[in-house]
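The numbering of the sequence shown is the UniProt record's numbering, which starts it at 1 and goes up by one.
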Amino acid sequence: MGRKTLAAVLHEYNKPLSLEYIDLEPGPGEAIINVKASGVCGRDIVIWRGGFKLNPPLVLGHEVFGELNDKPVGVYGAVTCGKCDYCRTGRENLCNELTFLGEGRLGGYAEAVAVPTRNIFELPDEQFEKYAAATCPLATSIHAARLADPRGRKVMVTGAGGSVGMHMIQYLKTLGAKVIAVTSSGKKPKVEKYADEVVLEGQRYPGKVDIVYDNVGAPTINEGLRSLDKEGTLVLIGNVEGQEIVLKRPALTIMREQRIVGSAAYTSAEVREAVKLIHDGAINTEFIPYKLKDVNKAIDDVINRRVLGKAVLIP
Numbered sequence: 001m002g003r004k005t006l007a008a009v010l011h012e013y014n015k016p017l018s019l020e021y022i023d024l025e026p027g028p029g030e031a032i033i034n035v036k037a038s039g040v041c042g043r044d045i046v047i048w049r050g051g052f053k054l055n056p057p058l059v060l061g062h063e064v065f066g067e068l069n070d071k072p073v074g075v076y077g078a079v080t081c082g083k084c085d086y087c088r089t090g091r092e093n094l095c096n097e098l099t100f101l102g103e104g105r106l107g108g109y110a111e112a113v114a115v116p117t118r119n120i121f122e123l124p125d126e127q128f129e130k131y132a133a134a135t136c137p138l139a140t141s142i143h144a145a146r147l148a149d150p151r152g153r154k155v156m157v158t159g160a161g162g163s164v165g166m167h168m169i170q171y172l173k174t175l176g177a178k179v180i181a182v183t184s185s186g187k188k189p190k191v192e193k194y195a196d197e198v199v200l201e202g203q204r205y206p207g208k209v210d211i212v213y214d215n216v217g218a219p220t221i222n223e224g225l226r227s228l229d230k231e232g233t234l235v236l237i238g239n240v241e242g243q244e245i246v247l248k249r250p251a252l253t254i255m256r257e258q259r260i261v262g263s264a265a266y267t268s269a270e271v272r273e274a275v276k277l278i279h280d281g282a283i284n285t286e287f288i289p290y291k292l293k294d295v296n297k298a299i300d301d302v303i304n305r306r307v308l309g310k311a312v313l314i315p
């Protein structure tokens, strides 16, 4: 049975979202979630800028937490086929038919959203804002750490004051890594309480690291590679500006036998692992809540780096 819901709708790239009522029509095997909190992801900002070549109108938001039948639930934000080899072996983040909420279908910047029931999982409590703030960045961190094992290693995290970076530092520390954080001067004081060392963006780190977890992309990748030791690995997690990535010194990567590995989001199992870490208090969540009606301020604050950690929308 369908219903109307208030949603923030993207009609034009790089323009304010419009608050309006839309029709929700759940398909077979779907249910309507009453949204209690939805995270504003860096991926959403790339979409807002037109980076993914999608066709508006769009309702963004794949980090959805809310209620179903008065029970607290979370939503795995990637809708997959469930049948391919990747899906059947727990690597559904690589499914050829993968579509995130907010891209090929309506997302969570709304009071309610229709999602496949197989994407819904129970939450251990009703701390919706905390889960919206940290689950996606933490699951991203868990996946990236499995691509390059940080245990006992010296690692660098770029974009350390952002939502992924802030939670990634904490997770890597739980695994025994020594973390060098790269961030802006405005966010340095907060980042310092988590990282072993902090380097300001644009400055050179004088030492070498074993792994670089790059959450920024084009603006930071070359300095990350310069800091990366021989046989080191750079895990490319994000390219927030959507710029073309050009290696300024490819000979350096060649002669040091460095590896560059892409990290594609996370699996549903990694989402549940992230939720457990948050519930257990192993990770300190950093976020600023915004009312849904203030969605455009939230986007502007994220773009202009006024948010430490995550911006979270509350209907």
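C-beta atoms are modelled at their ideal positions from N, C-alpha and C, and glycine is treated no differently.
Measuring CA to CA, which of the options is closest to residue i?
i, options, result
"L6", "E201, A31, K36, G29", "K36"
"L236", "V73, T80, I211", "I211"
"T80", "N69, F100, W48, G202", "F100"
"L175", "Q203, V271, A144", "A144"
"V115", "N55, G29, L147", "G29"
"Y21", "P57, T135, R249, V302", "P57"
"L308", "A134, K230, G152", "A134"
"M255", "V275, G232, E270, K4", "G232"
"E12", "L98, R305, N55, P206", "N55"
"V271", "F65, I303, V182, L17", "F65"
"D301", "L252, V9, P16", "P16"
"A195", "D280, S185, G186, A177", "A177"
"Q243", "S227, L228, T220", "T220"
"Y213", "L228, Q203, R204, G152", "L228"
Would DSSP call residue i helix, strand or coil?
i, result
"Y21", "strand"
"T285", "coil"
"T135", "helix"
"F65", "strand"
"T5", "strand"
"I142", "helix"
"E12", "coil"
"E273", "helix"
"F121", "strand"
"L54", "coil"
"L172", "helix"
"L313", "strand"
"R105", "strand"
"P206", "coil"
"N34", "strand"
"I77", "Position check: residue 77 holds Gly in this sequence, whereas Ile was assumed. Residue state, collapsed to three classes: coil."
"I211", "strand"
"K193", "coil"
"P219", "coil"
"T267", "coil"
"residue 327", "It is not possible to answer for residue 327, since the shown part of the chain is limited to 1 through 315."
"V40", "strand"
"V307", "coil"
"V164", "helix"
"P250", "helix"
"V302", "helix"
"V46", "helix"
Would you list the residues sitting across from residue i in a DSSP beta bridge?
i, result
"residue 334", "A query on residue 334 cannot be resolved here, the shown segment of the chain reaching from 1 to 315 and no further."
"P72", "E67"
"T158", "V182"
"L228", "V209"
"T99", "V79"
"A110", "A7"
"L200", "T183"
"V59", "DSSP lists no partner for V59."
"V240", "According to DSSP, which records beta bridges pairwise, V240 is partnered with nothing at all."
"P116", "E30"
Checking 8 Å against the spacing of the C-beta atoms, do residue i and residue j come in under that value?
i, j, result
"N96", "C84", "yes"
"L247", "L234", "no"
"T267", "G90", "yes"
"L200", "K208", "no"
"G238", "N215", "yes"
"E273", "K310", "no"
"G2", "L24", "yes"
"F52", "E103", "yes"
"I180", "E192", "no"
"V261", "A148", "yes"
"residue 323", "A218", "The question about residue 323 has no answer here: the residues shown for the chain are numbered 1 through 315."
"E257", "K230", "yes"
"V295", "L277", "no"
"D167", "I283", "The displayed chain sequence assigns His, not Asp, to residue 167. Closer than 8 Å, so yes."
"E63", "N34", "no"
"P206", "L172", "no"
"H118", "G82", "Residue identity check: residue 118 is Arg in the sequence provided, not His. Yes, the Cβ-Cβ distance between R118 and G82 is below 8 Å."
"L98", "L60", "no"
"R305", "S184", "yes"
Does residue i have its Cβ less than 8 Å from a Cβ in chain C?
i, result
"V198", "Included in the structure is just one protein chain, with no chain C present."
Between residue i and the ligand MN, is the CB less than 7 Å from at least one heavy atom?
i, result
"A37", "Summarising the ligand content, the structure contains no ligands, and the ligand MN is consequently not present."
Using a Cβ distance threshold of 8 Å, determine whether the segment 278–292 contacts the segment 153–160, with at least three qualifying pairs required. no
Taking contact to mean at least 3 C-beta pairs separated by less than 8 Å, is the segment 158–174 in contact with the segment 37–56? yes
Okay, do the segment 106–122 and the segment 139–149 touch, 3+ Cβ pairs below 8 Å being the bar? no
With a cut-off of 8 Å, do at least 3 Cβ pairs link the segment 113–131 to the segment 61–79? yes
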